[in-house]
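So the structure is just underneath, and the comments pick up after that.
In my numbering, the protein residues as written are 7 to 427.
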């Protein structure tokens, strides 16, 4: 079994040294963006200090920029399990998905269908729904409200001969549900459709293998897996070569460069490469004696396997503690036997307290969590909580500890007790 050296991991994140009123800050806000290791900060600063230039110039800083981008692309290819020329960089996942929906929309005609889900972040819903103005029919698969899982029977019913694309989240950023992406891709391909996967929330919590999933596209955001603000898209080479991107005329036609509009966030890409290197080192340290990974890809798989195991145990303690709080409503999977189908992100409400109030009171104790709908507005509508402030979201990462979970549970317990008093 792989095991994480949590003490070593925590030392890599300078943000974890912060204190509020003498108490260490607890970062349970990871689903909105994780903290970053020191090496990411250093890589970005070093790039700006020594290599800041645009690409393809006949001078040293430009050459170093080209080399850095190539390193970042190779790093992300190792995370996805794909080839370097199948990696596209962009501003963020939302911008990449809007751009890709516009490109794919070029090929669609009136009556063609796209299937989305009501479990997704709106960034994998709105860009596809916008194609309805072109006469495309957009069908939305429902959610099993009892445990906040994707209604696979409804999804199967929605996919048909006219389906051209199925957009699905790898995991819900609101309630942590992990979807059976391989099955969704199989269903899409069975009718000749493409599958577009939003892996933003899943990426910090488990291994990714785009080849095994056989997805056509996958998007993620490095700032959700210990990197800077940026967006990354995997696309099957056949699609990136066939589809016609919108671009300026001087830009080349080679894949993947033709997909990267304008000057990229170079310092951000330096940070992306450093974030992958952090995960790779974590994987080497987690592999155990005599089991040194043979490649960075293997090291990353080792890291993500160890992260998944550690976070599953951490989430089990969080969930059992939350369920013991009087008046608490829990949204999502609670059965420990189904732990492989959820990330360590949970959302709750407590009777008599708005999510905003709970978030504010926890912040006063140095515990950072989110409240609201987290852009998963279709889900909060279905759950009937959108008009009353959404939910309180607690998102764990591998740099969190059981002691931090206990602090949260104690704080919530005190809030409930003070209300009764």
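Note that beta-carbon positions come from the ideal geometry of N, C-alpha and C, so glycine has one too. This one's a predicted model, so the numbers in the text were calculated from it and none came from an experiment.
- With contacts defined as CB atoms closer than 8 Å, residue 85 and residue 282 qualify as a contacting pair.
- Where residue 77 is concerned, the enclosing alpha helix (DSSP H) starts and stops at 66 to 86.
- 8 Å or more divides the Cβ of residue 180 from the Cβ of residue 318.
- In the assembly as shown, residue 234 is a buried residue. Its beta-carbon has 16 or more other beta-carbons within 10 Å.
- For residue 265, there is no enclosing alpha helix (DSSP H), as DSSP marks it with neither H nor E.
- Contact check for residue 407 against residue 12 passes: the beta carbons are separated by less than 8 Å.
- The DSSP assignment places 302 to 329 as complete runs of the alpha helix (DSSP H) inside the stretch 290 to 360, in order along the chain (cut-off: 4 residues).
- Between the stretch 99 to 112 and the stretch 152 to 164, the count of Cβ pairs shorter than 8 Å is below three; the stretches do not touch.
- Residue pairing by DSSP places residue 121 opposite 145 and 172 in a beta bridge.
- Counting along the chain, the unbroken beta strand (DSSP E) around residue 204 starts and ends at 200 to 204.
- In the DSSP assignment, residue 372 falls outside any alpha helix (DSSP H), carrying neither H nor E.
- Judged by beta-carbon spacing, residue 421 lies beyond the 8 Å limit of residue 355, meaning their Cβ atoms are not closer than that value.
- DSSP places residue 111 inside the alpha helix (DSSP H), whose first and last residues are 99 to 111.
- The count of Cβ pairs closer than 8 Å, one atom from the stretch 83 to 103 and one from the stretch 236 to 252, reaches three, so the stretches are in contact.
- A straight line joining the alpha-carbon of residue 29 with that of residue 404 spans about 20 Å.
- Cα atoms of residue 77 and residue 123: separation of roughly 35 Å, rounded to the nearest angstrom.
- Within its own chain, the residues whose Cβ lies closer than 8 Å to the Cβ of residue 25, once the five positions on either side in sequence are excluded, are 31 and 372, listed in chain order.
- Counting other Cβ atoms within 10 Å of its Cβ, residue 413 reaches 16 or more and is therefore classed as buried.
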